[in-house]
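Following the numbering used here, the numbering of the sequence shown begins with 2 at its first residue and continues without gaps. We put the beta carbon where it would ideally sit given N, CA and C, even for glycine. These figures come from a predicted structure and were not determined experimentally. Down below is the structure, laid out as structure tokens.
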Amino acid sequence: MLSRSCLGLLNHQITTMNNYEQEDLNIVPELMTPFQKFQRQYSNVSVPSSPISRKRRMIIVSNQLPIRVVSSSSCDLKFEWDVDSIYFQLKDGISSDSELFYVGSLKSHIEIEPSQQEEVAKVLLEKFRCVPTFLPSETHNYFYHGFCKHYLWPLFHYMLPLSKSQGVRFNSSHWLSYKKANRIFADKVREVLNPDEDYVWVHDYHLMVLPTYLRKRFPKVKLGFFLHNTFPTSEIYRTIPVREEILRGLLNCDLIGFHTFDYARHFLSCCSRMLGLDYESKRGYIGVDYFGRNVTIKILPVGIHMGLLELVLSSSETAKRVKELKEEFEGKVLILGVDDLDLFKGIGLKFLALRNLLEGNEKLRGEVVLVQILNQARSSGKDIQDVKFEIEAIAKEVNDKYGDEQSGYRPIVCINGPVSTQEKAAYYAISECCIVNAVRDGMNLIPYEYTVCRQGSVELDKTLGVGNDEPKNSVIIVSEFIGCSPSLSGAVRVNPWNIDDVSEKMNSAIKMKDSEKQLRHKKNYKYISSHDVAYWAKSFDQDLERACREHYLKTYVGLGLDNFRIIALDPSFKKLCLDDIAPAYKDTKSRLILLDYDGTMMPQGSINKAPSLDVISLLNSLCSDPKNTVFIVSGRGRVCLSDWFSPCDKLGLSAEHGYFTRWSKDSPWTTLGLASDFDWKINVEKVMALYTEATDGSFIEEKESAMVWQHQEADPDFGLWQAKELLVHLESMLANDPVVVKRGQHIVEVKPQVS
């Protein structure tokens, strides 16, 4: 019986296949892939046609389109869906009444001549609803290989370019190409976007500033972003010279998705430390207030496409290959590794752990085999060559020392990719253990695929001689530094840098009782099968819709030039217009002008807080008009304000938020008339002094009517923790005093209670 996701995959493929794809059905059966056989068997399945109507649309934007070329002739290009692409698979989770469009580039090895681009774009739009972005060669090279793969990728994986030999440093030309590429992607989105109705879902670190271009053009666009990569700690991220621009790009979305809480926490910490933004959790959702918009943070790891794997596992060819591999490794305990040829996959550390295992366990020599499938590297460079050289050297050392030429035994078997999904599934099915030893990885779905393949199928059970109802088993050894680790409660977690520990975990996996293997497998399979790619996409789609519900309840205003930003305001807000203000000002006979000081008349970050001569001159000019009554309203003390504004004879001052008021320089100060007993200040100062001593960067501001603990210059997180603790401490101590204890922005203040 085929799963719903499997049938959905088939139906979508049949409806989008072009005439030339029908030629595949004439292939000799023995040479057909599982999907081609499945397609032939169900080629008469009809796809219900939907009535003509304006459907809800979702535009998927990714660096690469889920499309592959199937023709060999450059003059007659033919395309088909890349069913292995997660961007294609996520359609199963999008509501059936939605229409999907895709924006992205064709894979880098596909070169389309400029003369063909218009025709190719037409075919892709009409047949696949895909809008290709044809980047200029130099722009693509600087954008993808320069900024993305050689700068951002290592840095997001915690590798800083401390020297030229340790990575690529920031290059402004590469950054400009990154922005140019993102702008081209945004322009292509605009070609198919209905900004009032459509949803846009942007994917991964290649396109982190694209949301800014869309939000600037369409303030109410419904925009989501999912990062398929890691997000580093603020200590790493803050080294990026354009860090704020990237953060603001992401914050121009309505919903931002991460695989794990750690990645989300790091992002929120960066927003707090570098942009001064606060975040809070309401009813299970984390939100960041960004210029009047609430940006929702979502935490949900991506899953695999169960239907596609079920399709492969149900194939007789897969069963045949499983049988061959079972015979080839008869009597051996197989440990499997499947990794990209990449600096961060920890392949060399894995090989060293196997060496230690064989060194300390003589009985396992000749019995344990580590099969390492090496997928092709996604980029090129010296670092890839160094990793390849290291892997080959360690494998040769282990094989030379513990291998047996006579029997043909090799402890490490390396298989260079590309390797088909069918071939990988066969290796998964016969392996007792799968080890993913990456030192840093965004998600990594290898353990998911392994678990599903170990669950097997009717065909595989027959081949392996296992009863259909017999409990399945599997063991996953997974690095604690990868995104899938928190999701797999049945996995054995390791620190990949601790080679001895990894070796011990390998040994325990080999000797583990079947009952424990079955329990671990059951826990993992239950999660993986229920949290597949469709579940992930559906959850994101629903949360994006929820995050955009209030779009039409707000008014949007664009401000700034270089630091352009969209401000979301209440619909009742009316922007002041000079054409309206000037006549009203002239016609009014009596005017009261109230001016804030810090942050209004003086920049917030200014070291010298005293007003400039220009400010004094401007105030005197306003005060000289007999129709004007001008007041400075500030939280500062009256002594300070009196000194600063002594040149302004007619200026009114309101100090300490109105506790003291003076109408002009010659008039006396009046008080609010509250209780004049300030004995409580003695104990408050003692408590605040303790927190000041313990919190670097904080200080006490003593006023005549209040005591204020300031922590604006302290570490944002630590200052916030200390402020919360101080608030509780003071409220408890002053419960019977006629005062109010309150928290403000970077302050804790104690002042007399207003009756």
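Next on the checklist: Suppose you measure from the CA of Thr671 to the CA of Ile748; what does that come to, to the nearest Å?
Outcome noted: The residue you call residue 671 lines up with position 670 of the sequence shown. The residue you call residue 748 lines up with position 747 of the sequence shown. Those two C-alpha atoms are separated by around 26 Å.
Checklist entry - Helix, strand or coil: how does DSSP classify Ala569 here? => result Taking the sequence shown and counting its residues from 1, the one referred to as residue 569 is at position 568. Residue state, collapsed to three classes: strand.
Item to check | Residues bridged to Tyr291 [DSSP beta-bridge criterion] | outcome: Looking up residue 291 in the sequence shown gives position 290. Tyr291 is bridged by DSSP to Arg294.
Item to check | alpha helix (DSSP H) runs contained entirely in the region 110-169, provided each spans 4 or more residues | outcome: Listed in chain order, they are 115-129, 138-141, 154-157.
Checklist entry - Below 8 Å, can you find three or more Cβ-Cβ pairs linking the region 234-243 to the region 566-582? => result Output reads no: the region 566-582 does not touch the region 234-243.
Next on the checklist: Given a cut-off of 9 Å on the beta-carbon distance, is the pair Phe227 and Val303 in contact?
Outcome noted: Within the sequence shown, numbered from 1, the residue matching residue 227 stands at position 226. Within the sequence shown, numbered from 1, the residue matching residue 303 stands at position 302. The Cβ atoms of Phe227 and Val303 lie closer than 9 Å to each other.
Next on the checklist: Considering only their Cβ atoms, is the gap separating Leu593 from Thr630 smaller than 9 Å?
Outcome noted: Within the sequence shown, the letter at position 629 stands for residue 630. Within the sequence shown, the letter at position 592 stands for residue 593. Their beta carbons are under 9 Å apart, which means Thr630 touches Leu593 by this criterion.
Checklist entry - Measuring CA to CA, which of Lys389, Ala585, Asp93 is closest to Leu375? => result Counting from 1 along the sequence shown, the entry for residue 375 is found at position 374. Comparing Cα-Cα distances from Leu375 to each of Lys389, Ala585, Asp93, the minimum goes to Lys389.
Item to check | For Tyr43, three-class secondary structure by DSSP | outcome: Numbered from its first residue, the sequence shown carries residue 43 at position 42. Confidence in Tyr43 is poor, its pLDDT being 34 and thus under 50, which makes the residue's placement too unreliable to answer from.
Checklist entry - What are the start and end residues of the alpha helix (DSSP H) that includes His175? => result Counting from one through the sequence shown, the residue named residue 175 turns up at place 174. Unbroken alpha helix (DSSP H) run through His175: 173-193.
Next on the checklist: Given this structure, state the Cα-to-Cα distance separating Pro572 from Gly293, to the nearest angstrom.
Outcome noted: Residue 572 sits at position 571 when you count from the first residue of the sequence shown. Residue 293 sits at position 292 when you count from the first residue of the sequence shown. The alpha-carbon atoms of Pro572 and Gly293 are separated by roughly 12 Å.
Checklist entry - Got a sec? Which residues, its chain only, sit under 6 Å from Met734 by beta carbon, not counting five neighbours each side? => result Locating residue 734 in the sequence shown gives position 733, counting from the first residue. Residues of the same chain with a CB within less than 6 Å of the CB of Met734, apart from the 5 flanking positions on each side, do not exist.
Checklist entry - Tell me the DSSP bridge mates of Ser282? => result Against the sequence shown, residue 282 aligns to sequence position 281. For Ser282, which the question treats as bridged, DSSP gives the partners Ile287.
Checklist entry - For Tyr557, which beta-bridge partners are listed by DSSP? => result Here residue 557 refers to the residue found at position 556 when the sequence shown is read from its first residue. In the DSSP output, where bridge partners are listed per residue, Tyr557 has Ala569.
Next on the checklist: I'd like the list of long-range same chain contacts for Val190, defined as Cβ closer than 7 Å, with 5 residues on each side in sequence excluded.
Outcome noted: Reading the sequence shown from its first residue, position 189 is the one you call residue 190. The residues Ile60, Val62, Val104, Val201, Leu215, in chain order, have a CB closer than 7 Å to that of Val190 in the same chain once the five nearest residues on each side in sequence are set aside.
Item to check | Selected residue, minimal CA-CA separation from Arg550, among Asn195, Leu256, His175 | outcome: Locating residue 550 in the sequence shown gives position 549, where the first residue counts as 1. By alpha-carbon distance to Arg550, the top candidate from Asn195, Leu256, His175 is Leu256.
Checklist entry - Is it buried or exposed for Ile582, if we count other Cβ within 10 angstroms and need 16 for buried? => result The sequence position of residue 582 within the sequence shown is 581, counting from 1. Exposed.
Next on the checklist: Can you look up Ile336 in the DSSP assignment and give me helix, strand or coil?
Outcome noted: Counting from one through the sequence shown, the residue named residue 336 turns up at place 335. In the three-state reduction of the DSSP assignment, Ile336 falls in the strand class.
Checklist entry - How do the region 339-353 and the region 490-503 stand: do at least 3 beta-carbon pairs fall below 8 Å, yes or no? => result Touching, per the Cβ criterion.
Checklist entry - Terminal residues of the continuous alpha helix (DSSP H) containing Trp645? => result To locate residue 645, count along the sequence shown from 1; it is residue 644. Counting along the chain, Trp645 sits inside the alpha helix (DSSP H) bounded by residues 639-645.
Item to check | Same chain, Cβ closer than 8 Å to Leu465, five either side skipped, listed in chain order | outcome: Within the sequence shown, the letter at position 464 stands for residue 465. Only Val323, Lys327, Ala430, Ile431, Gly457 meet the Cβ criterion.
Checklist entry - Where does Asn656 sit, in a helix, a strand or coil, going by DSSP? => result Sequence index remark: in the sequence shown, residue 656 carries index 655 (1-based). Sequence inspection shows Ala at residue 656; the Asn mentioned does not correspond to that position. For Ala656, the three-state secondary structure derived from DSSP is strand.
Checklist entry - Alpha carbon to alpha carbon, what distance is there between Val459 and His141? => result To locate residue 141, count along the sequence shown from 1; it is residue 140. To locate residue 459, count along the sequence shown from 1; it is residue 458. It is roughly 47 Å from the alpha-carbon of His141 to the alpha-carbon of Val459.
Next on the checklist: Given this structure, state the Cα-to-Cα distance separating Leu673 from Tyr660, to the nearest angstrom.
Outcome noted: If you number the sequence shown from 1, residue 673 lands on position 672. If you number the sequence shown from 1, residue 660 lands on position 659. In a straight line, the C-alpha of Leu673 is about 5 Å away from that of Tyr660.
Checklist entry - Can you tell me whether DSSP reads Cys435 as helix, strand or coil? => result Against the sequence shown, residue 435 aligns to sequence position 434. Looking at Cys435 - three-state DSSP - the assignment turns out to be strand.
Checklist entry - Apart from the five residues just before and just after Arg639, which ones in its own chain have a Cβ nearer than 8 Å to its Cβ? => result For the purposes of this step, residue 639 is taken as residue 638 along the sequence shown, with counting starting at 1. Leu654, Ala656, Glu657, Phe661, Arg663, Trp670, Glu705, listed in sequence order.
Next on the checklist: Here's the rule: buried if 16 or more other CB atoms are within 10 angstroms of the residue's CB, otherwise exposed. What is Gly1?
Outcome noted: Beyond the ends of the chain as shown, which are 2 and 756, falls residue 1; an answer cannot be given.
Next on the checklist: Cutting at 7 Å between CB atoms, please list the residues of its own chain near His146, excluding the five before and the five after it.
Outcome noted: Locating residue 146 in the sequence shown gives position 145, counting from the first residue. Counting only residues of its own chain and dropping the five nearest sequence neighbours on each side, His146 has a CB closer than 7 Å to the CB of Ser380.
Checklist entry - So Ile477 and Val467 are in contact, right, with Cβ under 8 Å, and what is the actual spacing, rounded? => result As a position in the sequence shown, residue 477 is number 476, starting the count at 1. As a position in the sequence shown, residue 467 is number 466, starting the count at 1. Wrong, their Cβ atoms sit about 19 Å apart, outside the cutoff.
Item to check | Cβ neighbour criterion (16 or more within 10 Å) applied to Asp615 | outcome: One-based indexing of the sequence shown puts residue 615 at position 614. The residue in question, Asp615, is exposed, as its Cβ has fewer than 16 Cβ neighbours within 10 Å.
Checklist entry - Rounded to a whole number of angstroms, what is the C-alpha to C-alpha distance between His175 and Lys518? => result In the sequence shown, counting from the first residue as 1, residue 175 sits at position 174. In the sequence shown, counting from the first residue as 1, residue 518 sits at position 517. C-alpha separation (whole angstroms): 49 Å.
Checklist entry - Counting pairs of Cβ atoms below 8 Å between the region 434-452 and the region 503-518, do you hit three or more? => result Flag = yes, the region 434-452 and the region 503-518 touch.
Checklist entry - Which same chain residues, not among the five before or five after Ala724, have their C-beta less than 7 Å away from its C-beta? => result Indexing the sequence shown from 1 puts residue 724 at position 723. Here the set comprises His712, Arg744, Val749.
Item to check | Cut-off 8 Å between Cβ atoms - residues of its own chain near Ser699, not counting five sequence neighbours on either side | outcome: Reading the sequence shown from its first residue, position 698 is the one you call residue 699. Taking Ser699 as the centre and dropping the five residues before and after it, the same chain places the C-beta of Tyr692, Thr693, Trp710, Gln711, His712, Glu714, Ala715, Gly720, Gln723 closer than 8 Å to its C-beta, in chain order.
Checklist entry - In or out: Gln754 buried (at least 16 other Cβ within 10 Å) or exposed? => result As a first step, residue 754 is located in the sequence shown; it is residue number 753 there, counting from the start. It is exposed - the Cβ of Gln754 has fewer than 16 other Cβ atoms within 10 Å.
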